[in-house]
Amino acid sequence: TPEAPGGRDTGYYSGGIGTYTKYLDIPSDYEGKRIMLEFDGAYMNTTVGINGQIIMRHNYGYTPFHADLTPYIRAGKKNRITVTVNNSMQPNSRWYTGAGLYRHVDLLVSDPIHISPWGIFAYNSHITDGNAFVYVETTVENHTARDVSVWVDTVISAEGKDSAKGRAKVYVPAGDKATARVLIPVMDARLWDIDDPFLYTVKSVISDGNGELDSHCVDFGIRTISVDTVNGFMLNGRSLKLKGGCIHHDNGILGAEAHFDCEYRKVKIHKENGYNALRTAHNPPSRDLLKACDMLGVLVLDEAFDCWYNSKNINDYGLFFENDWEKDMEAFILRDRNHPSVIMWSTGNEIIERNGISKGHLIAGMLAAKVRSLDPTRPVTNGVCSLWNGLEDEDMAKIMEEMRKSLAGEASAQNADSSLGDKMWGDYTEAFNSVLDVVGYNYLHHRYSKDGEQFPNRIICGTESWPNTFDNVWRETLRLPHVIGDFTWTSYDYIGEAAIGNSRFVDKSADTSAMRFMSNSSPYPWRLANCGDFDILGHPRPQLAFRKVVWGSEETYLFTQDPKYFDFTEVVSMWGFEDIHCSWTWAGAEGRPIRVTVFSGAEEVELFVNGKSVGRKSAGEANRYR
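For what it's worth, the numbering used here labels the leading residue of the sequence shown as -13, then goes sequentially.
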């Protein structure tokens, strides 16, 4: 509705409160068992109750969590489970979130001695002569009143055949947990790769003298990753530039619902069109999306938060960060760390504390340390942007004064830069960036070269870039070994930030020098961002053709613009692309001039209309491929 508190940011969708009720008949022989609910995500402020009792609350709308029903279950009787999800505190996001139970909910039943949820972690130690040495950690919980010792038998299999085995004994104190760790050699290992996403299965079985107590299986991939300033990002020993796209979590007209088929289709569309990586902007994704990436061979930059202490909306995660960040980070990492597609963890995006205010550099270090304690095998990053906010008052006033001189009246300062801010950026963000293994640069490709000299040990990843300047971004990405790749904003259109990618058409006499910073958002009923290589249904848009040519496609692409705009100047949003179409039939425009755009890597392009040449023009890299 036009009155939605989130306005254009949420696509004019309002929040609300929903209560889900389910009755469970728990068999009598479940007496003494552990019974839990596992939520892959619920947006947001979730309250879980059973038989009239509230048993837990969970605030963040994107992290998975568990509700332990065990103390409250009445075995042999019907039990009433209630889940209330409250998304009425608006605004709480910069994009459309959806609301309610939009991801999987599972019932977990186990004996008192069991493998922890997300309790198996498989990762390769090293690979020698084609043989992989895989560590498997299995965490066992003991909910009895006695200390126990249990055997943990682990089997690694592929395509239904056992490949390797290992065994360890672990002592678990009463009411506590312990982790068994075993190193298992996998001979002639088949590596997971973007061109051969081969998956193994690891199964852990725990037992005592009386037999099996519990078992669990997870899929994983054997592969190596590394980052450095000489070779960049390496997968299985070869350098690889990340051809990445940022995606929000919604599934278009289905809203925020995460169905495996939808997530798989979205990933497949990217893969088939040249992408090899996705960034889960700006929150943990569904488990289905990661499963699809594992299966299809698409790399993932897995992101945790859009804000820390300093909120971006009055009711966002900033309200809960201080108390919840650690448990949310833990759930995020533990759930996702077996996915071979995940190659980097991101602790946040455009964090206001990036220049050190509110002890931002200390928080950055704290979060990075937590990530490494849970998974030391992957680099840690953060999407850092220019200094258009997050400064102390005096510095902020100076920058805003400079921006006001160059921006149009309706301009937005978001991700705009200034010469003063650019001078400050390197020094002001150094402490924050120093705790990261890879520094994410949002719209800062002009700094790639000079920051490589100023910070010679810094590894950079372009975590957001504008589509219209992609040729310049990619040229720098290819040229500089310390830059490991680029993630465009966005690769797939989304709900919210309504019309952020729209164009405006103005009189040819107008001064357009500052207009690219203008907020091109449109009023209700506009709902979509209108940016991305793919539209909300997954169909390719013209900017994908431009990207493919920049990536090296030998194909030539032809587009036209509605003839009614021929006598106007198009002002393209920073996040948008030219308003052109794969069409050359415009009813009612016969005999009128029309603007034709051609994307090609060829040095020269000749245009024919009805078999007759209408001219030649230079193209290729020297002419920005158009």
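Cβ coordinates follow ideal geometry from the N, Cα and C atoms, glycine included.
{"Item": "Between which two residues does the alpha helix (DSSP H) harbouring Pro528 extend?", "Value": "Pro528 to Trp537"}
{"Item": "Does the stretch 13 to 28 come into contact with the stretch 90 to 103, if we say contact requires no fewer than three beta-carbon pairs (one atom in each stretch) closer than 8 Å?", "Value": "yes"}
{"Item": "Do you know whose CA, among Ser495, Ser477, Trp512 and Ile522, lies nearest Gln529's CA?", "Value": "Ser477"}
{"Item": "Exposed or buried, Val191, counting other C-beta atoms within 10 Å across all chains shown (16 or more means buried)?", "Value": "buried"}
{"Item": "So, at 6 Å on beta carbons, what are the nonlocal neighbours of Leu353 in its own chain, with the 5 sequence-adjacent residues on each side left out?", "Value": "Thr333"}
{"Item": "Ala614 and Ile113: beta carbons closer than 9 Å?", "Value": "With the chain running from -13 to 612 in the structure shown, residue 614 is simply not present."}
{"Item": "Rounded C-beta distance between Val284 and Val253? I'm assuming under 8 Å.", "Value": "5 Å"}
{"Item": "How close, in whole Å, do the beta carbons of Glu339 and Gly376 come, if the pair is a contact with beta carbons under 8 Å?", "Value": "7 Å"}
{"Item": "Give the list of continuous beta strand (DSSP E) stretches no shorter than 3 residues that lie fully inside the stretch 258 to 331.", "Value": "263 to 266 and 285 to 289"}
{"Item": "Is Ser495 helix, strand or coil by DSSP?", "Value": "coil"}
{"Item": "Counting pairs of Cβ atoms below 8 Å between the stretch 47 to 66 and the stretch 133 to 145, do you hit three or more?", "Value": "no"}
{"Item": "Have a look at Asn65, Leu287, Asp292 and Gly342 and flag the residue whose alpha-carbon is nearest the alpha-carbon of Asp11.", "Value": "Asn65"}
{"Item": "Arg465 lies in the alpha helix (DSSP H); which residues open and close that run?", "Value": "Phe456 to Arg465"}
{"Item": "Report the partner residues of Pro171 according to the DSSP bridge assignment.", "Value": "Phe119"}
{"Item": "Within 10 Å of its beta-carbon, does Ala608 have 16 or more other beta-carbons around it, so buried, or fewer, so exposed?", "Value": "exposed"}
{"Item": "If you follow the beta strand (DSSP E) that Asp450 is in, where does it begin and where does it stop?", "Value": "Per the sequence presented here, residue 450 reads as Glu, with Asp not at that position. Residues Ile446 to Glu450."}
{"Item": "When the Cβ atoms of the stretch 281 to 295 are set against those of the stretch 176 to 195, are three or more pairs found closer than 8 Å?", "Value": "yes"}
{"Item": "Taking the Cβ atom as the reference point for each residue, do Phe552 and His567 lie within a distance shorter than 9 Å?", "Value": "no"}
{"Item": "Pro442: buried (16+ other C-beta within 10 angstroms of its C-beta) or exposed?", "Value": "exposed"}
{"Item": "Give me the Cα-Cα distance between Ser599 and Val591, rounded to the nearest whole angstrom.", "Value": "11 Å"}
{"Item": "Are His268 and Asn335 touching if we call contact CB-CB under 9 Å?", "Value": "yes"}
{"Item": "Nearest-angstrom Cα distance between Asn454 and Gly260?", "Value": "18 Å"}
{"Item": "Would you report the Cα separation of Ala144 and Leu177, rounded to the nearest angstrom?", "Value": "12 Å"}
{"Item": "Candidates Val425, Asp361 and Lys298: which alpha carbon is nearest Tyr121's?", "Value": "Asp361"}
{"Item": "Where DSSP assigns a beta bridge to Ser489, which residues make up the other side?", "Value": "Val558"}
{"Item": "State yes or no: is the C-beta of Ile481 within less than 9 Å of the C-beta of Ile446?", "Value": "no"}
{"Item": "Taking the beta strand (DSSP E) that Ser135 falls in, what are its first and last residues?", "Value": "Val134 to Ala144"}
{"Item": "When you compare only the Cα positions, how much space is there between Ala350 and Gly241?", "Value": "32 Å"}
{"Item": "Would Asp493 be called buried (16 or more neighbouring beta carbons within 10 Å of its own) or exposed?", "Value": "exposed"}
{"Item": "Could you check whether Thr68 and Val91 sit closer than 9 Å to each other, using their CB atoms as the reference points?", "Value": "no"}
{"Item": "Distance check for Pro171 and Glu439, CA to CA, integer angstroms please.", "Value": "42 Å"}
{"Item": "Kindly give me the distance between the Cβ atoms of Asp288 and Pro270, rounded to whole angstroms, as I take these residues to be in contact under 8 Å.", "Value": "7 Å"}
{"Item": "DSSP state of Tyr16, grouped into three classes?", "Value": "helix"}
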